[in-house]
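Using my numbering, you'd call the opening residue of the sequence shown number 2 and step up by one each time. Ideal Cβ placement from N, Cα and C applies to all residues, glycine included.
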Amino acid sequence: MLPRGRPRAMGVAVLLLLLLLLLVIGFFLFGRDPECERPNWAEKEGILCDHCLFTPRVFSDGLGTTATLDGDLYGGRNRSASSPQLLLPPKCEMLHVAIVCAGYNSSREIVTLMKSVLFYRKNPLHLHLITDAIARNILETLFRTWMVPALVVSFYDAEELKPLVSWIPNKHYSGLYGLMKLVLPRILPLSLARVIVLDTDVTFSSDIVELWAFFGHFSDKQVVGLVENQSDWYLGNLWKNHRPWPALGRGFNTGVILLWLDRLQQTDWEQMWKLTAKRELLSLTATSLADQDIFNAVIKEHPELVHPLPCVWNVQLSDHTLAERCYLEAADLKVIHWNSPKKLRVKNKHAEFFRNLHLTFLGYDGKLLRRELFGCPNQFPPGAEQLQQALAQLDEEEPCFEFRQQQLTVHRVHITFLSHQPPPPQPHDVTLVAQLSMDRLQMLEALCRHWSGPMSLALYLTDAEAQQFLHFVEMSPVLSARKDVAYHVVYRDGPLYPVNQLRNVALAQALTPYVFLSDIDFLPAYSLYDYLRASIEQLDLGSRRKAALVVPAFETLHYRFSFPNSKAELLTLLDAGSLHTFRYHEWPQGHASTDYSRWREAQAPYRVQWSADYEPYVVVPRDCPRYDPRFVGFGWNKVAHIIELDAQEYEFLVLPEAFSIHLPHAPSLDISRFRSSPTYRDCLQALKEEFHQDLSRRYGSAALKYLTALQLSRSRA
């Protein structure tokens with residue numbers, strides 16, 4: 002039997018426990034927020050707890066061990082990352098973004114970055130791009146042809162900034178360009194008060210306006226917004242004798258920066274960072290992380306300048322990342338930062354998730370980002386409004402609607418998609434110019450083996466195919482070894498192949514005085530590059546003589562074929578029936594004027610006359626007439642160009658030792674449509690007639706012979 006006093010004692014104990022529980026609950030509900038505790042270093046430096054970013058708490062590594070992270074910026078359940086307390090600017094307010102971009106690889110990275118930003122954005126954007134000459138050439142073409150509404154792009158010359166930072170030794174792979182964020186106030190407009198500064202290797206998964214809204218939470222003294230560095234780099238314990246630059250706690254990462262520019266100037270920012278850098282370089286031989294080291298050294302001395310941002314706005318995927326402590330608790334991530342030289346190949350147990358997020362934008366169709374911002378005026382890029390009006394006037398029921406629509410389509414163009422080393426200037430050098438789509442990619446390796454000189458190739462690809470092509474080149478020992486081949490991606494848009502637009506892109510990017518206008522399914526003679534250069538010199542084409550050197554075209558119907566090493570071997574194959582003159586059985590008039598019978602015996606170049614439908618492959622000066630872009634799909638695209646050359650009084654000279662051989666392949670979709678559709682052929686005929694009318698306007702009575710030839714051709718048909 003229990004003592005009689007035990008129930009009363011138990012009741013008192015329960016009551017006390019309930020009171021204690023209420024006190025604890027009351028403390029958490031009405032007392033100070035334990036998740037807003039400041040780390041010791043923050044309290045000493047006088048940093049206020051802003052947005053519950055500093056969270057000393059216990060975390061688990063998933064392996065049964067725990068540790069305490071003082072000065073952790075990953076905590077607060079990232080409430081401020083999507084906090085309703087953020088006051089967003091008006092939807093039509095212009096947001097400013099600055100990016101330093103140099104070289105070919107960074108130019109590709111910025112495309113993916115901008116896709117992710119444009120996908121989510123609801124505000125107009127003004128891009129301030131600090132570039133070298135390479136990146137500027139690429140990005141000017143890209144953004145001009147991308148034609149994104151409510152997007153303004155300004156360029157600034159990085160060469161002007163080099164003297165300002167060249168005195169700083171830097172071990173980081175970004176080189177001098179990695180230090181230029183320090184001197185952005187020098188080059189950006191004085192009227193620009195605030196700007197978001199981004200590295201090219203970040204990917205957004207949220208609207209950038211949310212990041213911009215943090216400017217509204219800066220104190221009067223704060224001039225820079227940063228996310229804490231998500232590794233122990235600045236703690237100096239990653240390896241023996243590791244000696245980083247000074248920083249507050251783990252320091253801050255500068256892949257994403259909010260800069261209040263006019264305040265920076267008021268604080269004499271330039272003097273501040275220069276004095277700090279010079280002092281630290283007395284004991285440290287160089288920066289390891291470029292501008293980030295100097296930013297952190299300044300913040301160590303002046304912590305009141307920094308506004309800490311939630312960790313989700315810069316999830317860092319370096320080799321030593323601690324970002325897991327951020328993203329495992331985050332409701333949603335905002336910016337992914339590939340801050341490792343390995344980029345997408347970085348080792349991380351969650352790398353596949355982040356990689357897939359990045360690859361989504363890598364292969365995303367950029368033309369879908371041409372959408373207008375609802376309710377915001379004056380957002381059309383140059384020429385876009387007139388283009389929309391012209392497209393709206395097209396009759397979708399008209400039989401040739403596809404042709405008309407394709408002619409008005411502005412394709413995004415990414416020139417020099419891969420790293421390129423132009424050849425040194427030579428007075429008689431020649432570049433092979435051609436175009437292709439994904440189904441002809443297998444021709445590239447053979448072409449590189451046959452043509453040892455520079456090439457300019459335009460590729461018609463989707464965004465996803467462009468990444469497949471990049472991988473194809475990287476995996477090919479032949480293609481990856483060739484740095485004198487310039488690849489230019491024209492992004493697919495529309496039902497018909499824009500063959501002449503592609504040729505014009507490749508032709509415009511050729512850097513040598515002369516070009517060999519070829520097609521991707523032709524293999525030139527092994528010696529053709531050297532022979533063409535010698536012929537150009539011997540014929541003195543550098544003078545006022547206007548000539549188009551004709552390279553005779555042949556074809557084989559055999560997929561397995563022993564390529565001839567000389568003209569004599571070719572003639573043997575021709576006599577044996579293994580080779581034929583090109584299209585002799587389908588389109589003889591296309592190459593009849595080359596006069597193959599005379600070529601067999603020729604020892605010197607000979608002149609031939611233009612005739613109707615003549616379309617030889619020629620070597621001409623780089624500044625020759627461009628191809629007529631109205632010709633899309635199959636038919637008459639080269640013919641029209643040869644007419645233009647003849648109208649400008651180019652003489653056609655057939656080279657006696659030159660030849661190129663067409664290899665068999667499956668027919669293209671366009672040629673199949675040409676053969677099967679009378680409407681297709683009628684539309685092509687209409688384009689021919691329009692071309693001749695325009696030719697008559699430009700060349701007057703001299704163009705009558707082409708009109709006569711067209712009429713004769715129609716009567717024979």
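What is the rounded straight-line gap between the Cα of residue i and the Cα of residue j?
| i | j | result |
| --- | --- | --- |
| His351 | His338 | 14 Å |
| Leu54 | His129 | Confidence at Leu54 is low in this model, with a pLDDT of 36, below 50, so the placement of that residue is unreliable and no value is reported for it. |
| Tyr723 | Ile188 | Only positions 2 to 718 of the chain appear in the structure, and residue 723 is not among them; the question remains open. |
| Asp62 | Ala248 | Note that Asp62 scores 31 on pLDDT, short of 50, meaning its location in the model is unreliable and no value can be drawn from it. |
| Pro311 | Thr113 | 23 Å |
| Arg264 | Cys102 | 25 Å |
| Val210 | Val153 | 16 Å |
| Phe583 | Lys123 | 55 Å |
| Ile159 | His666 | Note that residue 159 is Ala in the sequence shown, not Ile. Rounded to the nearest angstrom, the two C-alpha atoms are 47 Å apart. |
| Arg109 | Leu345 | 14 Å |
| Tyr328 | Lys275 | 35 Å |
Taking DSSP as the reference, what is the three-state secondary structure of residue i?
| i | result |
| --- | --- |
| Cys93 | coil |
| Asp158 | strand |
| Cys449 | helix |
| Trp234 | helix |
| Asn357 | helix |
| His429 | coil |
| Arg264 | helix |
| Thr56 | With a pLDDT of only 33 at Thr56, under the threshold of 50, the placement of this residue in the model should not be trusted, and no figure is reported. |
| Asn171 | strand |
| Ser481 | helix |
| Phe416 | A small correction: the amino acid at residue 416 is Ile; Phe does not occupy that position in the sequence shown. In the structure shown, Ile416 sits in coil (DSSP, three-state: anything other than H, G, I, E or B). |
| Leu705 | helix |
| Pro304 | helix |
| Ser598 | helix |
| Thr142 | helix |
| Tyr1 | As shown, the chain starts at 2 and ends at 718. That puts residue 1 outside it, with no answer to give. |
| Arg627 | coil |
Ends of the alpha helix (DSSP H) at residue i?
| i | result |
| --- | --- |
| Trp274 | Trp270 to Glu281 |
| Ala465 | Asp464 to Met476 |
| Leu329 | Leu329 -> no alpha helix (DSSP H), and no H or E assigned at all. |
| Thr573 | Lys568 to Ala577 |
| Ser528 | Careful: Ser528 lies outside any alpha helix (DSSP H) and carries neither H nor E. |
| Arg195 | Element bounds for Arg195: not the alpha helix (DSSP H) but the beta strand (DSSP E), Arg195 to Leu199. |
| Phe404 | Phe402 to Leu409 |
| Thr680 | Pro679 to Tyr700 |
For residue i, verify whether its CB is less than 7 Å away from any heavy atom of the ligand FAD.
| i | result |
| --- | --- |
| Val316 | Absent from the structure shown: the ligand FAD. Ligands present: none. |
Just mark residue i as buried or exposed, buried being the case when its beta carbon has 16 or more other beta carbons within 10 Å.
| i | result |
| --- | --- |
| Ser107 | buried |
| His663 | buried |
| Pro425 | exposed |
| Gln510 | buried |
| Tyr707 | buried |
| Arg699 | exposed |
| Arg599 | exposed |
| Pro164 | exposed |
| Gln267 | exposed |
| Thr280 | Here the sequence assigns Arg to residue 280, which means Thr is not the residue at that position. Classification of Arg280: exposed, given that the 10 Å Cβ count is below 16. |
| Val405 | Rather than Val, the amino acid found at residue 405 in this sequence is Arg. With 16 or more other Cβ atoms within 10 Å, it is buried. |
| Trp314 | buried |
| Gln427 | exposed |
| Gly701 | exposed |
| Lys301 | buried |
| Gly226 | buried |
I need the boundaries of the beta strand (DSSP E) containing residue i, first residue and last residue.
| i | result |
| --- | --- |
| Pro186 | Per DSSP, Pro186 belongs to no beta strand (DSSP E); it is in the alpha helix (DSSP H), Leu185 to Ile188. |
| Ile337 | Val336 to His338 |
| Tyr121 | That residue, Tyr121, is in no beta strand (DSSP E); its alpha helix (DSSP H) goes Gly104 to Tyr121. |
| Ile521 | Careful: Ile521 lies outside any beta strand (DSSP E) and carries neither H nor E. |
| Ser661 | Ser661 to His663 |
| His489 | Val486 to Tyr492 |
| Ala549 | Ala548 to Val552 |
| Leu227 | Val225 to Glu229 |
Three or more beta-carbon pairs under 8 Å between the region 374-393 and the region 138-149, yes or no?
yes
Tell me whether the region 282-294 and the region 171-184 touch, counting them as touching only if at least three CB pairs, one residue from each stretch, are closer than 8 Å.
Cβ pair count under 8 Å is three or more, so yes.
Three CB pairs or more closer than 8 Å across the region 631-644 and the region 488-507:
Touching, yes, given that three or more Cβ pairs across the two stretches are closer than 8 Å.
Three or more C-beta pairs closer than 8 Å, one from the region 608-627 and one from the region 483-490: is that the case here?
no
Is the number of C-beta pairs between the region 674-683 and the region 529-547 that are closer than 8 Å three or more?
no
Quick one: any contact between the region 442-456 and the region 424-433, if contact means 3 or more CB pairs under 8 Å?
yes
Determine, using beta-carbon pairs with one atom in the region 604-618 and one in the region 648-655, whether at least three such pairs fall under 8 Å.
At 8 Å Cβ cutoff, the stretches touch.
Should the region 590-599 be called in touch with the region 455-472, which here means at least 3 C-beta pairs below 8 Å?
no
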